[in-house]
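Data first, discussion second: the structure below is written as structure tokens.
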Amino acid sequence: MKKISLILCSLLFSAFYSNAQIVKIDTVKSRSIYKKSTSSFANFQAEYNYSVGLKFLSIEQLPKILNATDPGEYYSSKLNGLMIKFNDNQISYRISGSLFEKDISFENECKDCEQTTGTVNDLQIKVGFEKNITSSRVQPYFGFDFGFRNNKFKGESLNTGLVNNRPSYDVNTEKNSVVASPVAGLKINLVNHLTLSGESGIDFMYSYERQTKALQDASRTQTFQKFNKFEFLTRPLAFLSLQYNFGLNN
Numbered sequence: 005m006k007k008i009s010l011i012l013c014s015l016l017f018s019a020f021y022s023n024a025q026i027v028k029i030d031t032v033k034s035r036s037i038y039k040k041s042t043s044s045f046a047n048f049q050a051e052y053n054y055s056v057g058l059k060f061l062s063i064e065q066l067p068k069i070l071n072a073t074d075p076g077e078y079y080s081s082k083l084n085g086l087m088i089k090f091n092d093n094q095i096s097y098r099i100s101g102s103l104f105e106k107d108i109s110f111e112n113e114c115k116d117c118e119q120t121t122g123t124v125n126d127l128q129i130k131v132g133f134e135k136n137i138t139s140s141r142v143q144p145y146f147g148f149d150f151g152f153r154n155n156k157f158k159g160e161s162l163n164t165g166l167v168n169n170r171p172s173y174d175v176n177t178e179k180n181s182v183v184a185s186p187v188a189g190l191k192i193n194l195v196n197h198l199t200l201s202g203e204s205g206i207d208f209m210y211s212y213e214r215q216t217k218a219l220q221d222a223s224r225t226q227t228f229q230k231f232n233k234f235e236f237l238t239r240p241l242a243f244l245s246l247q248y249n250f251g252l253n254n
């Protein structure tokens, strides 16, 4: 009887131990699947053929107007441009445009000579490329743009009366420039389809400028001048943009 009981206990223990070794396959997390998902996210940017971006903040210098005593002043603008990109692995070819309009005031010729006020309109159209340095969620990049810039100013320059008696005048200026711009930036892939991007750069410009002045005297005497000049402008925040990525590359 004891032998039979011992045999039954052995059988029960064997059955219990065997059942403990059974693993439900549907509860196991596949490491290979997890790695594949991570790799797919790491190469997030390369999976999309196209991107459209809205520039919602910029801080940069404007082309020099007249003989402003402080031409290096920085101006900020919001919601001022768009960008379209064609993605090819880690390289993106891009077309961008921006429009800046602002009422400004500055000292002209010298500190106590003239006070000039008016409205500036600045249009930029550029084509270029950017190259990602990494394929991770955070992607530093560098690039280069080439394009056209049109800058117009319409306003009035008043004699301050502190240095001389030069007459006040109305003024219109227009500057057309070719622009070459090396850039560097950082992209953060927030979620699928959405990327936050920030960029800085320098504009090297060669421009043709026309200035028309109408003196505020009885005869409204007009003068006309034209110039060709080189300039370079710094852009600590060329733009901060939110980009929508689409056209999944299978």
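Remember, the working numbering sits 4 above the position in the sequence shown when you count from 1. Just so it is clear, CB atoms sit at the ideal spot from N, CA and C, and this is done for glycine as well.
Asked	Found
Straight-line gap, I129 to S102 (C-alpha atoms, nearest Å)	7 Å
K191 burial status per 10 Å Cβ neighbour count (16 or more: buried)	buried
Short Cβ contact (9 Å threshold) for N249 with T216	no
Completely contained beta strand (DSSP E) runs for the segment 69-144, where each covers 3 or more residues	78-81, 85-92, 95-112 and 118-136
Spatial distance of Q65 from I88 (CA atoms)	24 Å
Rounded C-alpha distance that separates P144 from Q226	52 Å
Whole-angstrom C-beta distance between P171 and D221, which should lie under 8 Å	6 Å
Pick from G132, L162, E213 and V195 that is closest to N2, judged by C-alpha positions	The structure shown does not extend to residue 2, since the chain is modelled only from 5 through 254, so no value can be given for it.
Whole-angstrom distance between E213 and K230, CA atom to CA atom	5 Å
Integer-rounded CB distance, given that S204 should sit under 8 Å from R239	6 Å
Distance CB(K59)-CB(S100) smaller than 9 Å	yes
Straight-line gap, Q247 to H197 (C-alpha atoms, nearest Å)	8 Å
Whole-angstrom distance between F243 and I37, CA atom to CA atom	Note that I37 scores 32 on pLDDT, short of 50, meaning its location in the model is unreliable; the coordinates nonetheless yield the value given after this. Their Cα atoms are separated by approximately 38 Å.
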